[in-house]
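For reference, the structure is listed below as structure tokens.
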Amino acid sequence: MGSDEAYNFVFKVVLIGESGVGKSNLLSRFTKNEFTHDSRTTIGVEFSTRTVQLSGFTIKAQIWDTAGLERYRAITSAYYRGAVGALLVYDITKHLTYESVERWLKELYDHADPHIVVMLVGNKTDLESERSVPTEEAQGFAEKNGLLFLETSALESTNVEAAFNNVLAGNLFYCILTFLQDIFLPIQYGCYSLLTVWVDI
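Just so we're aligned: the sequence shown equals residues 1 to 201 in full-length UniProt numbering.
Printed below as a string of structure tokens:
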């Protein structure tokens, strides 16, 4: 299967949310199992990759991070282009970051594929004593808007794997379903190598 033999799917997942909520550390924890306490911001889009196994399929996840651009409202449509999943992150200790979730969601839907799988993520559960966003409030918002929901700690690695893997699994299910309905739709959506896998069997 040529250069695609190492994986069956390539999924682009974007991280969005206010500056300082821990997006970069979620990226580092998932792709490198690393965490840094250095809060200095790098300006410019960054991404890392990780290959995971889900339901017998090999998925190459490309995780994109705004890396500070959100501070300047400088995120362009190119950032969202081709994304099939998103983690919309807020800080459970800063209610203002949660209040901006609706705006981020609108921007995402304005630029991304309408079938994008979105996970609302309340980060920094290691700071439970400083919580200002009740779990039930965020859970209710997620249910109302058809989003997945988890609370995480990049510092303690709590639910980080689950957050990313649930988004990837949602895309896997969608791709298989649409592949069975229309052999060409998954290629348009981002399931780049499924067709090759099936043809080569």
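Cβ atoms here follow ideal geometry from the backbone N, Cα and C, with glycine treated the same way. Source: prediction; values computed, not measured.
In DSSP terms, what residue i is bridged to
i    : result
V118 : A86
F164 : Paired residue(s): none; F164 is not in a bridge.
T158 : S153
Of the residues the options, the one placed nearest residue i, counting alpha carbons only
i    : options                   : result
I16  : V89, N159 and D126        : V89
A78  : T158, H111, E130 and R131 : H111
T97  : K144, R50 and K23         : K23
L105 : K94, G170, A86 and A169   : A86
A6   : N25, R50 and E46          : R50
F149 : Q139, E156 and F47        : Q139
T125 : E136, E156, F141 and T36  : E156
F64  : T58, N33, T93 and S28     : The displayed chain sequence assigns Trp, not Phe, to residue 64. That would be S28, whose Cα lies nearest to the Cα of W64.
Neighbour flag for residue i against chain D, beta carbons, 7 Å
i    : result
V121 : In the displayed structure, chain D is absent; only one protein chain is listed.
Limits of the unbroken beta strand (DSSP E) element including residue i
i    : result
E46  : E46 to L54
K124 : Segment: none, K124 is in no beta strand (DSSP E) and carries neither H nor E.
T58  : F57 to D65
E151 : L148 to E151
Supposed close pair residue i, residue j - CB separation, criterion 8 Å
i    : j    : result
Y174 : H115 : 6 Å
T152 : V121 : 6 Å
L54  : A169 : 6 Å
Endpoints, alpha helix (DSSP H) assigned at residue i
i    : result
A138 : T135 to K144
K12  : Looking at the DSSP string, K12 is not in any alpha helix (DSSP H); the run it does join, the beta strand (DSSP E), is F9 to I16.
S100 : Premise fails: S100 is in no alpha helix (DSSP H) and is neither H nor E.
N25  : K23 to K32
S77  : S77 to Y80
Give a yes or no on contact between the region 128–145 and the region 157–168, applying the rule of three or more CB pairs nearer than 8 Å. Because the criterion of three Cβ pairs below 8 Å is not met, the region 128–145 and the region 157–168 do not touch.
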